[in-house]
Amino acid sequence: MNIFLLVLIAVFSFVPGMLQPFTESAQEETVATNRVADQLAKGLLGDPATPYVLDTECTADFFAGANNPACRYGPGSLADRVGIQSRQNVNISVRANVSETQSDGKDVLCWDEGPSPNQLIELDDGCSPGAADQTVLAIGNTTARGSAQSVTASRIVALNGTDVTLRVEMW
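Below you can see the structure in the form of structure tokens.
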């Protein structure tokens, strides 16, 4: 009888602790964030034969919200295009330091199809959001201060011959 009581006490002591990480964490977002980052870097925004090399036109169209039949993502909302539930908040951006000035490399980029050769420019370095020939390479919700836990996945990819960071954040 004593052994039975000890086992029963042990079960009630350890089972709640074993289940707690699955009920009170951002585990679902962790898996989804990494999956979305991998999908974008390894095929949706480029050719699966050359992972981590993004197609410039598909990338610009993706962030502009345009449906390009030549690209590997379908039409619809951002959640539909990356395969997540609509209740999940997501922000996807391409970041780097592409200017001559010293930076932390975390600047959001724009794709500029202006009269000069097409190029990547930093959002705060001459990009005009809403201009017909410029696309901000960021899409999705913005995180609210003090909001729930967020999970970020980053992938180093090449875009237009430049190493950039593809960042996916979910909460």
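For what it's worth, the working numbering labels the leading residue of the sequence shown as 15, then goes sequentially. Note that CB positions come from ideal geometry on N, CA and C, so glycine has one too.
Quick check on residue i: buried or exposed, where buried means 16 or more other Cβ atoms within 10 Å of its Cβ?
i      : result
LEU58  : buried
GLU114 : exposed
ASN132 : exposed
GLU38  : Low confidence applies to GLU38: its pLDDT is 49, below 50, so where it sits in the model is not reliable, and the reading given next is rough at best. GLU38 should be labelled exposed.
ALA74  : buried
VAL45  : exposed
LEU151 : buried
ALA69  : A quick correction: the sequence has Asp, not Ala, at residue 69. Under this definition ASP69 is a buried residue.
ARG101 : exposed
THR47  : buried
VAL25  : exposed
SER130 : exposed
VAL126 : According to the sequence displayed, residue 126 carries Asp and not Val. Per the 10 Å Cβ criterion, buried.
Quick one: give me the first and last residue of the beta strand (DSSP E) that residue i is part of.
i      : result
ALA167 : 165-173
Quick one: residues in its chain with C-beta nearer than 6 Å to the C-beta of residue i, no 5 flanking neighbours on either side, listed in chain order?
i      : result
CYS141 : CYS124, ILE135, GLN148
SER168 : THR179, ARG181
GLY60  : VAL67, LEU68, ASP69
Which residue comes first and which comes last in the alpha helix (DSSP H) that contains residue i?
i     : result
ARG95 : 92-96
Looking only at its own chain, which residues have a Cβ that is under 7 Å from the Cβ of residue i, when we skip the five neighbours before and after it?
i      : result
THR157 : ASN105, SER164, GLU183, TRP185
VAL78  : For the sequence presented, residue 78 should be read as Ala rather than Val. The answer, listed in chain order, is THR149.
Give me whichever residues DSSP pairs with residue i in a beta bridge.
i      : result
THR179 : ARG109, ILE170
GLY60  : LEU68
ALA152 : SER107
LEU134 : TRP125
For residue i, which residues from the same chain have a beta carbon less than 8 Å from its beta carbon, with the 5 sequence-adjacent residues on both sides left out?
i     : result
ASN5  : The displayed coordinates of the chain run from 15 to 185. Any statement about residue 5 would go beyond what the structure contains.
GLY97 : ARG49, VAL50, GLN53
THR64 : none
ALA55 : PRO65, TYR66, LEU68, ARG169, VAL171, LEU180
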